[in-house]
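Working notes, beginning with the structure itself.
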Amino acid sequence: MEFATQCLHAGYEPQNGEPGALPIIQSTTFKYDQTADVAALFDLKAAGFFYSRLANPTVDAVERKLAALEGGVGAILTSSGQAASFIALMNLCHAGDHIVASSTIYGGVINLLAVTMKRFGIEVTLVDQSLPNAELDQYFRPNTKAFYAESVANPSARVLDFARMAELAHSHGVPLVVDNTFATPYLCRPIEFGADIVVHSTSKYLDGHALGLGGAIIDSGKFDWVEHKDKFPEFSEPDASYHGCVYTEAFGNAAYIVKARAQLIRDIGCLQSPQNAFYLNLGLETLPLRMQQYCKNAQAVAEYLSKHPKVEEVFYPGLTSSPDHELAQKYLPRGVSGVLSFTLKCNEATASAPDAGRQLAAQFIDHLQLVALKVHVADIKSIVMHPASTSHRQLTAEQLAAAGVSPTLVRLSVGLEDVSDIIADLEQALAQI
Ligand SMILES: *Cc1c(COP(=O)(O)O)cnc(C)c1O
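Quick note: to get this note's numbering, add 3 to the position in the sequence shown (first position is 1).
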């Protein structure tokens, strides 16, 4: 099936007389006739549902769809994007380990890594992904377990050089974990370019309507856990919590995703709810159409802003002036999503005042009428955000600079309104600053 067909049909194939729409199986439990049936499920010897903390038929159908869309061997839907990143990485490391991550990733994940996972005894090094591999090599240690980056970074919209980053990660014997939230599999399929694990915040374009929080982990099935068993013994050694199950033997190239569910989803309990999976499925059905229009609208807005005298710089890889334009054409030839960011020019009178940049951005945002101020991005409606005072507020000045977040930076998530209305709103707000 082609991509658009998979968006409608993958994961759920109704049989004779069954509902045409994916049913919401709103049940925590599933009934069995024999003790032995349930015992086989608990031993991972039979497939089936027994408790919706581990798996649920509605969630399972959408997991299958997303695995198909990303070209993976399996997927897990989580209760949020943060949970997806956490589970994806915790499936690879434990106390005493280390992760290398790009410094341009989403602020929330920087916090997860640098604060919360640090408390778990896992260290992170944030690196400038644009440095040559020969320089990035020095940040990898014997205990490094993953390289983590975003296909299109939030909010800087930097595009990942997949081939180079996959080579970097693999030369150090670790998987490349890619957050594909902004690109979505319609614009870019990281697994085709060497990513081993893909994560998503499905709360964004995939759900598409700002209805349900969610996340996803997709396993490419390509990383060789047996070859790298010195670094990742848990995949090919018996799991005492499952009567000595050896994941690579029992589940082959799906070892990673089965282990993540069997150990972490079981113990931490952050599977997506059936209701949210249902909303996510509705969003996935129209993903190709929506992504095409986001890209068109954002391109028009980026071109408009780049010519405006009060705008200093526009960051959108769809612009020929973008340093990432070439990478975008290589990896995202259909477009680079609806998210762009730009900085405003401080005039000379105010530039010297402390916090002038933050205030100018705030003033501009407060004058917008159609484009709404919301803590969200990649939504069906146009949204504006000020990263320095919101999503990246907890970061230090150094981390802000490394993430490419300056005080006047405005993040604009271009929605599906008629683009002339979006531009008219930006025009009147810019006229007032
Ligand atoms: C929003 C976001 C997250 C976190 O997702 P939640 O669903 O809000 O937990 C992670 N990565 C990126 C790129 C995001 O935009």
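Beta carbons: idealized from backbone N, C-alpha and C, even for Gly.
Here the structure is a predicted model, which means the values were calculated and not measured.
Problem - Any non-hydrogen atom of ligand 1 closer than 6 Å to Asn157 Cβ - result: Here residue 157 refers to the residue found at position 154 of the sequence shown. It does: the Cβ of Asn157 is within 6 Å (strictly closer) of some heavy atom of ligand 1.
Exercise for the section: Report yes if the CB atom of Ala149 is closer than 7 Å to the CB atom of Pro178, and no otherwise. Expected result: Stepping through the sequence shown from its first residue, residue 149 is reached at position 146. Stepping through the sequence shown from its first residue, residue 178 is reached at position 175. Against a cut-off of 7 Å, the Cβ pair of Pro178 and Ala149 comes out as a contact.
Handout entry: 6 Å Cβ shell around Leu308 - same chain, five flanking residues per side excluded
Key = Here residue 308 is taken as the residue at index 305 of the sequence shown, counted from 1. Hits under 6 Å: Val314, Val317 and Phe345.
Exercise for the section: Tell me, please, which residues DSSP counts as bridged to Met93. Expected result: Stepping through the sequence shown from its first residue, residue 93 is reached at position 90. According to DSSP, which records beta bridges pairwise, Met93 is partnered with nothing at all.
Exercise for the section: Compare the beta carbon distance of Gly321 and Ala303 with 7 Å and say whether it is the shorter of the two. Expected result: What you label residue 321 is simply residue 318 of the sequence shown in a count that begins at 1. What you label residue 303 is simply residue 300 of the sequence shown in a count that begins at 1. No, these two residues do not count as a Cβ contact at 7 Å.
Exercise for the section: From the DSSP output, read off the bridge partner residues of Leu415. Expected result: What you label residue 415 is simply residue 412 of the sequence shown in a count that begins at 1. Its beta-bridge partners are Leu343 and Val387.
Problem - Rounded C-alpha distance that separates Leu216 from Pro158 - result: Translated into positions along the sequence shown, residue 216 becomes position 213. Translated into positions along the sequence shown, residue 158 becomes position 155. Distance between the alpha carbons of Leu216 and Pro158: 19 Å.
Exercise for the section: Kindly indicate which three-state DSSP category Ala365 falls into: helix, strand or coil? Expected result: For this step, residue 365 is matched to residue 362 along the sequence shown. It is helical.
Handout entry: Length of the line joining the Cα atoms of Met93 and Val103
Key = Reading the sequence shown from its first residue, position 90 is the one you call residue 93. Reading the sequence shown from its first residue, position 100 is the one you call residue 103. Distance between the alpha carbons of Met93 and Val103 is about 14 Å.
Problem - Buried/exposed call for Lys121, threshold 16 Cβ in 10 Å - result: Numbered from its first residue, the sequence shown carries residue 121 at position 118. Answer is exposed; the Cβ neighbour count stays below 16.
Problem - Which of helix, strand or coil DSSP assigns to Ser82 - result: Mapped onto the sequence shown, residue 82 falls at position 79. Three-state result, Ser82: coil.
Practice task
Specify whether the stretch 63-80 and the stretch 191-201 touch according to this definition: at least 3 beta carbon pairs, one from each stretch, less than 8 Å apart.
Solution key: Taking 8 Å as the limit for Cβ pairs, the verdict is that the stretch 191-201 does touch the stretch 63-80.
Exercise for the section: Verify the contact flag: Thr411, CB atom, against every heavy atom of ligand 1, threshold strictly below 6 Å. Expected result: Along the sequence shown, read from residue 1 onward, the residue named residue 411 stands at position 408. No, the Cβ of Thr411 stays beyond 6 Å of every heavy atom of ligand 1.
Exercise for the section: Would you check if the stretch 290-297 and the stretch 334-344 touch, i.e. whether three or more CB-CB distances between them fall below 8 Å? Expected result: yes
Problem - Ser324 - DSSP class collapsed to helix/strand/coil - result: Numbered from its first residue, the sequence shown carries residue 324 at position 321. Three-state result, Ser324: coil.
Practice task
Answer yes or no: do Tyr286 and Asp210 have a C-beta to C-beta separation smaller than 7 Å?
Solution key: For this step, residue 286 is matched to residue 283 along the sequence shown. For this step, residue 210 is matched to residue 207 along the sequence shown. The sequence given here places Gly at residue 286; Tyr does not occur at that position. Yes, Cβ-Cβ distance for Gly286 and Asp210 is below 7 Å.
Problem - Cross-strand partners of Ile200 (DSSP beta bridge) - result: Numbered from 1 along the sequence shown, position 197 holds the residue referred to as residue 200. The partner list for Ile200 (beta bridge, DSSP) reads Val180 and Asp222.
Practice task
Check Ser30 in the structure and name its three-state DSSP category.
Solution key: The residue given as residue 30 occupies position 27 in the sequence shown. Coil.
Practice task
Consult DSSP for Val249 and reduce its assignment to one of helix, strand or coil.
Solution key: For the purposes of this step, residue 249 is taken as residue 246 along the sequence shown, with counting starting at 1. Here Val249 sits in coil by DSSP.
Problem - C-beta atoms of Leu139 and Val130 nearer than 7 Å - result: Here residue 139 refers to the residue found at position 136 of the sequence shown. Here residue 130 refers to the residue found at position 127 of the sequence shown. Cβ atoms of Leu139 and Val130: closer than 7 Å.
Exercise for the section: Starting from the C-beta of Asp46, find all residues in its chain whose C-beta is less than 8 Å away, skip the five residues before and the five after it, and write them out in chain order. Expected result: To locate residue 46, count along the sequence shown from 1; it is residue 43. Excluding positions up to five away in sequence, the list reads Tyr245, His246 and Cys248.
Problem - Beta bridge counterpart(s) of Phe235 as assigned by DSSP - result: The count along the sequence shown starts at 1 and reaches residue 235 at position 232. None, per the DSSP bridge assignment.
Exercise for the section: Taking the CB atoms as reference points, tell me whether Val413 and Ala364 lie closer together than 7 Å. Expected result: Here residue 413 is taken as the residue at index 410 of the sequence shown, counted from 1. Here residue 364 is taken as the residue at index 361 of the sequence shown, counted from 1. Yes, the pair counts as a contact, with Cβ atoms nearer than the cut-off.
Problem - For Gly75, the three-state DSSP class (helix, strand or coil) - result: For the purposes of this step, residue 75 is taken as the residue at position 72 of the sequence shown. Correct three-state label for Gly75: coil.
Exercise for the section: Look up Ala149 in the DSSP assignment and say whether it is helix, strand or coil. Expected result: Taking the first residue of the sequence shown as 1, we reach residue 149 at position 146. Ala149: strand per DSSP, three-state reduction.
Exercise for the section: For Leu129, write down the residues that DSSP places opposite it in a beta bridge. Expected result: Mapped onto the sequence shown, residue 129 falls at position 126. Bridge partners of Leu129: Ala104.
Handout entry: Residues near Leu371 by beta carbon distance below 7 Å, same chain, minus five either side
Key = Here residue 371 refers to the residue found at position 368 when the sequence shown is read from its first residue. The answer, listed in chain order, is Val387, Asp428 and Ala432.
Handout entry: Start-to-end residues for the alpha helix (DSSP H) that takes in Glu401
Key = Against the sequence shown, residue 401 aligns to sequence position 398. Run containing Glu401: Ala400 to Ala405, per the alpha helix (DSSP H) assignment.
Practice task
Name the residue from Leu80, Leu171 and Ser409 whose alpha carbon lies nearest to the alpha carbon of Asp358.
Solution key: If you number the sequence shown from 1, residue 358 lands on position 355. Checking every option, the nearest Cα to that of Asp358 belongs to Ser409.
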